[in-house]
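Colleague: Dropping a structure here in structure tokens format, bear with me for questions.
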Amino acid sequence: MKFLMSILLVGLSAVSCAQNRVSQTEFKKLMKDPSAQIVDVRTSKEVAEGKIAGSTNIDYFSASFIATAQKKLDKNKPVLVYCAAGGRSASAAKDLKKAGFKKVYDLEGGYDAWKE
């Protein structure tokens, strides 16, 4: 019985994480919320090539990523994250959730898909 409960909890945890990845359509809807905080986790060099309007850059590769996020963002307001293609932002979203951010959403396909 304990084994089955463990499998169920692991499965629910995976589903919970997967639900934080959202389509471009859903991301755009979430952006309409005036309390939404849009975070670009790419490097400053990548951001210089273009970004989503209204986003704040917090480089995921920076050693101070979480500390900077905690300084600049409200943990109780929605956080919408994106990177170039979706890999870094998925990791960033996971780390932000671990740090206590309540509502974190990750743009599927990242900025590369957004600009197409």
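Numbering (this note's numbering) for the sequence shown: 959 to 1074. Even glycine gets a Cβ: it sits at the ideal position worked out from N, Cα and C.
In whole angstroms, what is the alpha-carbon distance linking residue 1063 and residue 1003?
Modeller: Here residue 1063 is taken as the residue at index 105 of the sequence shown, counted from 1. Here residue 1003 is taken as the residue at index 45 of the sequence shown, counted from 1. The straight-line gap from Cα to Cα measures roughly 23 Å.
Colleague: Specify, as a first and last residue, the run of the beta strand (DSSP E) that residue 998 falls within.
Modeller: The sequence position of residue 998 within the sequence shown is 40, counting from 1. Segment 995-998, the beta strand (DSSP E) holding residue 998.
Colleague: Between which two residues does the beta strand (DSSP E) containing residue 1065 stretch?
Modeller: Within the sequence shown, numbered from 1, the residue matching residue 1065 stands at position 107. First-last of the beta strand (DSSP E) with residue 1065: 1062-1065.
Colleague: Classify residue 1017 as buried or exposed, calling it buried when 16 or more other Cβ atoms lie within 10 Å of its own Cβ.
Modeller: Mapped onto the sequence shown, residue 1017 falls at position 59. Residue 1017 is buried by the Cβ-count criterion.
Colleague: Cα separation between residue 1038 and residue 994?
Modeller: Stepping through the sequence shown from its first residue, residue 1038 is reached at position 80. Stepping through the sequence shown from its first residue, residue 994 is reached at position 36. So the alpha carbons of these two residues sit roughly 7 Å apart.
Colleague: Residues in its own chain within less than 8 Å of residue 982 by CB, not counting five upstream and five downstream?
Modeller: By 1-based counting over the sequence shown, the position of residue 982 is 24. Cβ neighbours of residue 982 beyond the five flanking positions: 1065, 1066, 1067, 1071 and 1072.
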